[in-house]
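From first to last, the protein sequence lines are chains A and B. Per the numbering used here, numbering through the first sequence is continuous, rising by one, with the last residue being 301. Per the numbering used here, numbering through the second sequence is continuous, rising by one, with the last residue being 764.
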Amino acid sequence: MRVRLARFLGAFILAFFNCALASAQSPEAEKLVRKIAYMPEFYQQMCSLPPSLGSSVVIHFSGAATFSEFTLSARQFARLRAQRNEVIKVLHVWLENVTAEGFEETQQEPSREEVVEELNERGLGYMPRAFYGARSKLLMLVDLNDVSALPLLKAYADKWYKIHKRAPDSQTVQRLSDIMSAIVAILRQERFEPVLSSQFEKDAEAKMSDEANALNETLRRKRDANHEELTEQDRAWVLRDPVTGLPVLLRWYPKLTISDETVVEILSWVDQYQKLPAKKRLDAKGMMPWPINR
Amino acid sequence: MADQPVRTGAVLAVVTLAIALIVGYAALVPGRPQTAVGPNGHALVRVVAGRYWVGAEGHARNPRRLVSVEAYDIATTETTNAQFARFVEATGYVTDAERAGFGMVSEEGMLDWQWQQVKGAHWRRPFGDERLAAATHPDHPVTQISAADAAAYSAWAGGRLPTVEEWEIAARAGVDTRYPWGDELMPGGKPMANTWHGATHYKNEMLDKFLYTAPVKSFPPNRWGLYDVIGNVFEYCDGGVIAANSEQAAQLTAGRGGSWWCSKDTCNFFNLADIGQMYRHGSLSNQGFRIAMSPKPPTSAAN
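What follows is the structure, given as structure tokens:
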């Protein structure tokens, strides 16, 4: 009886908290997040699709492990940055919801018809629903370097880790990989020492360095020929790594398969990060220099 | 003298065994099939029914194995602009790229892996301008057509797309090497296919003389007379798709053989083992196809 009462009270408090947060959301920001999350406008189909993730969790250093033909454009990131605080509130409500016990994430997603209608307008009506809102929202949190979201992201990862351990499949690998990649991306943007001194950071930097050698040569030759920096279209394909400063192609940003033990270790870093004094956190100052595609 | 029958028997046994081995080998590695002229000017070779080796040792997606196929005919060349133009003229067919209003284009000077939407790029103008326009390059492989467009053409011609296994059997022509001509991409430094030569896509060194597509038959054929199975354009095939579910699988298609875009540092699928996959309705400037046909059953004398 006491347990049931406690559960009821817990659910009531959570609902109240969500209502309070929801009322604090700006309707414009909520609309903006929804529109961008489900209708990312940068289309990047290539001549071959990348292989699927496999059966183990993958950290992709760009902030999202799964590849999508659609991702957020620089223009969309810029619009989100312009309303950083309001957008963060909306994203926190989303994280509170999706981490709540028994919440079905697809409840918040638009209907297939809604997505197809949008794609038809772009002449892409044949595309499957190749993206899902969570991937876009995680990328928003990374781009905004929202350190206050880290405990919520940890709770989100915990939820999917439990599901993954119980019944691993392509969906659990995909979702957990995306969440873990977002956590690592934010902690890297924060230059958080446990991440920077980890073995997988060293492995990633070695891969990044190889990639950057070829890319730097291309960028140098383009500059020599054109006497200008990258074109707007080029910028959509190049990321500059926040830790190493190396240029990395969007699709070939290093990714590493990690063990379950490493998942747990990364989540423990979030707890460590919470002990960091506020003045040592970069937060908004840790955002990448300009809005870039991810 | 008493040893004579024994010696003769031994010789006969060895000869019989040798003949059996040769016949058995020949059954698995048939010689060059005959070529016939098929619909819309397609030269076709007949692949006889049987069991053939496909795949490569240790290849996760395409492991080495024996597969059984029925007899089929397959075009010796990739479908050309001229052939596709006759199809459009006869049927009024509108391709996916024409409907979408754009095609995906990659060109020299772009970053590796970069593809961008170009308005007005479709099979008649694969780069959205006059470069390699179909009207002035009738013998180049048609590009900026989707796998769905390729299937529509094939059906019109009375054929179909080859399965990934059929494509590989014909492309291998009985060899188990990485390329139809051996394991070395450029034996003696000689380019054997139209691929990208350059450290990046900033510059194509054009060791094969071609920047983008090449006219079909620009390079030597394989042992069965098929041209350009490696390079020039990625060739759409049926089956061989890896997907999470049947809905996703229906949206995808497989592609084989690599293309002019593929370099050793990017994609690198210009070989007989790798299998690419892409969206069934996507259109790019490096993707084309060759047709296959199932032989018609012989007409009964009673009919």
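A virtual CB, placed ideally from N, CA and C, is assigned to each residue, including glycine.
Short Cβ contact (7 Å threshold) for residue i with residue j
i        : j        : result
A/Met294 : A/Thr251 : no
A/Asp185 : A/Ala71  : yes
B/Val690 : B/Gly719 : no
B/Glu569 : B/Asn665 : yes
B/Trp722 : B/Asn655 : no
B/Ile752 : B/Ser615 : yes
B/Thr674 : B/His583 : no
B/Leu505 : B/Ala532 : no
B/Phe695 : B/Gln738 : no
B/Thr540 : B/Val625 : no
A/Lys166 : A/Thr106 : yes
A/Met53  : B/Trp576 : yes
Opposing strand residues paired with residue i [DSSP bridges]
i        : result
B/Asp669 : Answer is none; B/Asp669 lacks a bridge partner.
B/Asn655 : B/Gly692
B/Cys698 : B/Ala715
B/Phe563 : B/Lys580
B/Trp514 : B/Leu527
B/Arg621 : B/Ala753
B/Ser765 : Residue 765 of chain B lies beyond the stretch modelled for chain B, which goes from 462 to 764, so this question has no answer here.
B/Gly499 : BP columns for B/Gly499 are empty, so no partner.
A/Leu194 : BP columns for A/Leu194 are empty, so no partner.
A/Lys262 : A/His67
B/Arg586 : B/His583
B/Tyr640 : B/Gly643
B/Pro602 : B/Thr541
Top-ranked residue by Cα proximity to residue i, from the options
i        : options                                   : result
A/Glu218 : B/Pro599, B/Asp573 and B/Ile535           : B/Asp573
B/Pro599 : B/Ala546, B/Ala582 and B/Arg468           : B/Ala546
B/Trp514 : B/Val530, B/Asp669 and B/Glu645           : B/Val530
B/Gly635 : B/Pro602, B/Asp735 and B/Leu687           : B/Leu687
A/Glu128 : A/Leu183, A/Glu48, A/Arg91 and A/Arg288   : A/Glu48
A/Tyr168 : A/Cys54, A/Leu283, A/Val65 and A/Lys282   : A/Val65
A/Leu226 : B/Ser567, B/Thr661 and B/Pro676           : B/Thr661
A/Met147 : A/Glu76, A/Arg88 and A/Ala285             : A/Arg88
A/Lys286 : A/Glu197, A/Tyr50, A/Tyr260 and A/Gln90   : A/Glu197
B/Ala705 : A/Thr179, A/Glu37, A/Asp290 and A/Tyr280  : A/Thr179
B/Leu668 : B/Pro682, B/Val677 and B/Leu646           : B/Leu646
A/Ser75  : A/Gln83, A/Ser59 and A/Ser63              : A/Ser59
B/Ala543 : B/Gln709, B/His503 and B/Glu708           : B/His503
B/Ala558 : B/Val549, B/Tyr640, B/Lys580 and B/Ser567 : B/Lys580
B/Asp726 : B/Ala596, B/Thr552, B/Pro758 and B/Tyr663 : B/Tyr663
A/Ala164 : A/Val40, A/Thr269, A/Leu289 and A/Pro201  : A/Thr269
B/Ala594 : B/Pro756, B/Ser746 and B/Ser755           : B/Ser746
A/Ala36  : A/Leu79, A/Leu183, A/Val100 and A/Gly130  : A/Val100
B/Asn683 : B/Lys670, B/Leu672 and B/Thr638           : B/Thr638
B/Gly511 : B/Val528, B/His520 and B/Lys757           : B/Val528
A/Thr78  : A/Gln51, A/Leu131, A/Arg41 and A/Leu126   : A/Gln51
A/Leu246 : A/Ile193, A/Ala162 and A/Pro296           : A/Pro296
Start-to-end residues for the beta strand (DSSP E) that takes in residue i
i        : result
A/Gln83  : It is not in any beta strand (DSSP E) - A/Gln83 instead sits in the alpha helix (DSSP H) that spans Ala81 to Ala89.
A/Val64  : Element bounds for A/Val64: n/a, residue is neither H nor E.
B/Val506 : Ala504 to Val508
A/Arg247 : Val245 to Arg247
B/Asp534 : Tyr533 to Ala536
B/Tyr740 : Ile736 to Tyr740
Buried versus exposed, by CB contacts within 10 Å (16 or more), residue i
i        : result
A/Val271 : exposed
A/Asn152 : buried
B/Asp610 : buried
A/His67  : buried
B/Leu733 : buried
B/Tyr486 : In this prediction, B/Tyr486 has a pLDDT of 45, which is less than 50 and means its spatial position is unreliable; what the coordinates show is noted afterwards. Label assigned to B/Tyr486: exposed.
A/Glu224 : exposed
B/Gly716 : buried
A/Leu283 : exposed
A/Gly140 : buried
A/Lys229 : buried
B/His742 : buried
A/Phe110 : exposed
Segment limits, alpha helix (DSSP H) that includes residue i
i        : result
A/Val255 : Counting along the chain, A/Val255 falls outside any alpha helix (DSSP H), though it belongs to the beta strand (DSSP E) covering Pro254 to Leu256.
B/Thr552 : Asn542 to Thr552
A/Phe207 : Gln206 to Asn233
A/Ala162 : Leu157 to Arg173
A/Arg142 : Gly140 to Asp150
A/Trp276 : Asp267 to Gln281
A/Val40  : Pro34 to Tyr45
B/Arg522 : Taken as a continuous stretch (DSSP letters only), B/Arg522 belongs to no alpha helix (DSSP H), as it is neither H nor E.
B/Asp573 : Careful: B/Asp573 lies outside any alpha helix (DSSP H) and carries neither H nor E.
B/Arg684 : Neither: B/Arg684 is in no alpha helix (DSSP H) and is coded neither H nor E.
A/Gln240 : Glu239 to Arg242
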